[in-house]
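Enquirer:
Protein chains in written order, with the working numbering: chain U, -5 to 143; chain H, 206 to 286.
Structure below.
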């Protein structure tokens, strides 16, 4: 399950998807929207994605994790649009025969998602708004290797 | 030849457009198209970010050669999660 949604993400839906009699562990990561960043008091966050490519890149994370570790099933759902403070912007669930693989695959998926999946967040804060990652002077220093596919 | 240009987030706001079609000469690269866009949209001229580029939803290098009908996305630093 690799998808975007403009609705609140349901953790139980992901857990049901990754549940499997062959799994001995389920690891989850929930990214939530924080009310402060670098001194700014944040009201809400707006997420934008490149539809199609974002889901495709998210699915690649699952394929890569399955090559690196023994996992049973994986689900990644990212929310798009306005997300109020304290709600989940992304949830990852991974089932695996053993916990070490589940933990590692889950960590890999969120770390890589933040590096290369075409999704952007804009902070709406008291006094303004800002695209995170595109602040003046800030540069993206670790572009991914272009895919040959 | 004609290509479709997708701009996102900060680039979309700077250009005032998200999705447009552009005529480019045969043999044009992603860089040639980006240079054209910066001339066409004053708001993009001052962009000083390390961008990523995708053609038909796959990341490519700046010197990637375009083909007629390509969808070219200019991707500012991502910040999902």
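A virtual CB, placed ideally from N, CA and C, is assigned to each residue, including glycine.
Model, not experiment: these values are computed from the prediction.
Just confirm the distance between the C-beta atoms of residue 216/H and residue 281/H, as a whole number of angstroms; I'd bet it's less than 8 Å.
Expert: For this step, residue 216/H is matched to residue 11 along the second chain. For this step, residue 281/H is matched to residue 76 along the second chain. Between residue 216/H and residue 281/H a beta carbon distance of about 5 Å is seen, short of the 8 Å cut, so the two are scored as contacting.
Enquirer: Compile a chain-ordered list of the residues in the region 101 to 126 of chain U whose CB is closer than 8 Å to at least one CB of chain H.
Expert: 104, 107, 108, 109, 110, 111, 112, 113, 114, 115, 116, 125, 126
Enquirer: To the nearest angstrom, how far is it from the Cα of residue 287/H to the Cα of residue 92/U?
Expert: Examination of residue 287/H is not possible in this model, given that chain H is present from 206 through 286 alone.
Enquirer: Can you pull the chain H residues whose beta carbon is under 7 Å from the beta carbon of residue 25/U, in chain order?
Expert: The residue you call residue 25/U lines up with position 31 of the first chain. Residues of chain H with a Cβ closer than 7 Å to the Cβ of residue 25/U are, in chain order, 286.
Enquirer: Please classify residue 135/U: does DSSP put it in a helix, a strand, or coil?
Expert: To locate residue 135/U, count along the first chain from 1; it is residue 141. Confidence is the limiting factor: at residue 135/U the pLDDT is only 38, short of 50, which leaves the residue's position unreliable and the question unanswerable from this model.
Enquirer: Answer yes or no: does any C-beta atom of chain U fall closer than 8 Å to that of residue 272/H?
Expert: Translated into the one-based positions of the second chain, residue 272/H becomes position 67. It does not: the Cβ of residue 272/H has no partner Cβ on chain U nearer than 8 Å.
Enquirer: Could you tell me the boundaries of the beta strand (DSSP E) in which residue 67/U lies?
Expert: Residue numbering aside, residue 67/U sits at position 73 when the first chain is read from its first letter. 67 to 73 is the extent of the beta strand (DSSP E) around residue 67/U.
Enquirer: If you measure beta-carbon to beta-carbon, which residues of the region 254 to 273 of chain H are closer than 7 Å to chain U?
Expert: Going along the region 254 to 273 of chain H in chain order, one finds 254, 255, 257, 259, 262, 263, 264, 265, 266 with a Cβ nearer than 7 Å to chain U.
Enquirer: When the Cβ atoms of the region 13 to 24 of chain U are set against those of the region 114 to 129 of chain U, are three or more pairs found closer than 8 Å?
Expert: no
Enquirer: Taking C-beta pairs closer than 7 Å, name the residues in chain U that residue 226/H reaches, listed in chain order.
Expert: Locating residue 226/H in the second chain gives position 21, counting from the first residue. Neighbours of residue 226/H on chain U: none; closest Cβ ~17 Å, over 7 Å.
Enquirer: Should residue 85/U and residue 41/U be called a contact, given that it needs their Cβ atoms to be closer than 8 Å?
Expert: Numbered from 1 along the first chain, position 91 holds the residue referred to as residue 85/U. Numbered from 1 along the first chain, position 47 holds the residue referred to as residue 41/U. No, they are not a contact pair.
Enquirer: Taking 7 Å as the cut-off, is the C-beta of residue 23/U nearer than that to any heavy atom in the ligand NAD?
Expert: In the structure on display, the ligand NAD does not appear, and there are no ligands present to speak of.
Enquirer: So is residue 215/H in contact with chain U if we call contact Cβ pairs under 8 Å?
Expert: On the second chain, residue 215/H is found 10 positions in, with the first residue counted as 1. Residue 215/H counts as touching chain U.
Enquirer: Under 8 Å, Cβ to Cβ, is there at least one residue of chain U near residue 278/H?
Expert: As a working note, residue 278/H is residue 73 in the second chain. Chain U contact via Cβ: present.
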